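Colleague: Just dropping this structure here.
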Amino acid sequence: MDTGVSGGGDEKAEFDPSEITYVSYGGEHHLPLIMNLVDQELSEPYSIFTYRYFVYLWPQLSFLAFHKEKCVGTVVCKMGEHRSTYRGYIAMLVVVKPYRGKGIATELVSRSIRVMQESGCEEVTLEAEVTNKGALALYGRLGFIRAKRLFRYYLNGVDAFRLKLLFPQPYIHPSLLMEAHEDSIRRSSSDTIEVSH
Ligand SMILES: CC(C)(COP(=O)(O)OP(=O)(O)OC[C@H]1O[C@@H](n2cnc3c(N)ncnc32)[C@H](O)[C@@H]1OP(=O)(O)O)[C@@H](O)C(=O)NCCC(=O)NCCS
């Protein structure tokens with residue numbers, strides 16, 4: 004299904020990636036643009052309170068991509084303390100079909116991750132449907148690992164992978180990192196690496 008926002012069906016849009024502009028969440032006028040994209044492209048239904056929770060509290064972590072005034076992609080995130088770590092979380096990521104495959108999602112996510120890292124996050128997590136090959140490939144390329152498989156996580160009954168990106172820890176001796184890595188491999192199942200805190 005295509006989004007009404009893109010206005011161009013599923014046909015590939017002709018554009019140069021340099022024509023895409025990226026802005027961080029700039030206020031209430033951006034909210035309907037984000038909601039339109041996410042409602043039409045993600046399987047999970049979200050209420051307006053959920054959107055507001057993210058963009059009001061962490062406006063600096065949400066980005067929109069525009070092509071000639073048209074909103075063609077968005078990422079919505081948050082960050083905060085989780086157990087003993089400070090971590091970022093990617094809640095929603097969408098690029099409309101005609102604009103896919105040109106690096107827009109990569110740029111959106113990278114911008115959010117950069118802000119998270121600058122804000123002191125030690126890791127970034129998200130969930131993706133185990134069947135979502137595109138998202139899994141995208142996050143895999145960015146360095147995310149599959150930390151857990153969550154049984155029937157979504158309302159549609161599909162399992163999720165919890166994906167995790169760990170930032171380098173400059174104060175840990177390399178040999179300790181190696182031990183931790185070997186330990187996590189020992190605990191890994193066929194295609195899933197369990198990471199403990
Ligand atoms: C997933 C999604 C955001 C990707 O957007 P995009 O702008 O096309 O992504 P990019 O162009 O930045 O892709 C970067 C890389 O991700 C991988 N990738 C992205 N889409 C892919 C697909 N459909 N199949 C395989 N790999 C894919 C590729 O490795 C790609 O690099 P390459 O083009 O050099 O091969 C988009 O397909 C989308 O909105 N899907 C519906 C919503 C969704 O699933 N969101 C994620 C929820 S976790």
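In my numbering, the protein residues as written are 4 to 200.
Note that the Cβ used here is the ideal one computed from N, Cα and C, for glycine as well.
Quick caveat: nothing in here was measured; it's all calculated off a predicted structure.
#1: Going by beta-carbon coordinates alone, are Glu47 and Tyr157 separated by less than 8 Å?
#2: Given a threshold of 16 other Cβ atoms within 10 Å of its Cβ, counted over all protein chains shown, does Ala94 qualify as buried or as exposed?
#3: What's the C-alpha gap between Met119 and Lys167?
#4: Using only the heavy atoms of ligand 1, determine whether one of them is closer than 7 Å to the beta carbon of Asn135.
#5: Just to check, is the beta-carbon of Lys105 closer than 7 Å to a non-hydrogen atom of ligand 2?
#6: Roughly how many angstroms lie between the CA atoms of Asp13 and Val97, to the nearest whole one?
#7: Should Tyr59 go down as buried or exposed, given a rule of 16 or more other Cβ atoms within 10 Å for buried?
#8: Under the rule that 16 or more other beta-carbon atoms within 10 Å means buried, what is Val79, buried or exposed?
#9: If you draw a straight line from the C-alpha of Ile23 to the C-alpha of His70, how long is it?
#10: Thinking just about the alpha-carbon of each residue, which of Gly30, Val75 and Phe57 is nearest to the one in Asn39?
Modeller: On the basis of the supplied data:
#1: Position 44 of the sequence shown, counting from 1, holds the residue named residue 47. Position 154 of the sequence shown, counting from 1, holds the residue named residue 157. With a cutoff of 8 Å on beta-carbon distance, Glu47 and Tyr157 are scored as near each other.
#2: Counted from its first residue, the sequence shown places residue 94 at position 91. Buried, since its Cβ has 16 or more Cβ neighbours within 10 Å.
#3: Locating residue 119 in the sequence shown gives position 116, counting from the first residue. Locating residue 167 in the sequence shown gives position 164, counting from the first residue. Distance between the alpha carbons of Met119 and Lys167: 13 Å.
#4: Taking the first residue of the sequence shown as position 1, residue 135 is located at position 132. The answer is yes for Asn135.
#5: Among the ligands present in this structure, namely ligand 1, ligand 2 is not found.
#6: Working through the sequence shown from its first residue, we reach residue 13 at position 10. Working through the sequence shown from its first residue, we reach residue 97 at position 94. Each residue's alpha carbon lies about 14 Å from the other.
#7: The sequence position of residue 59 within the sequence shown is 56, counting from 1. Looking at its Cβ environment, which holds fewer than 16 other Cβ atoms inside 10 Å, Tyr59 is exposed.
#8: Counting from 1 along the sequence shown, the entry for residue 79 is found at position 76. Label assigned to Val79: buried.
#9: Counting from 1 along the sequence shown, the entry for residue 23 is found at position 20. Counting from 1 along the sequence shown, the entry for residue 70 is found at position 67. When rounded, the distance between both Cα atoms is 5 Å.
#10: Translated into the one-based positions of the sequence shown, residue 39 becomes position 36. For the residues Gly30, Val75 and Phe57, the minimum Cα distance to Asn39 belongs to Val75.
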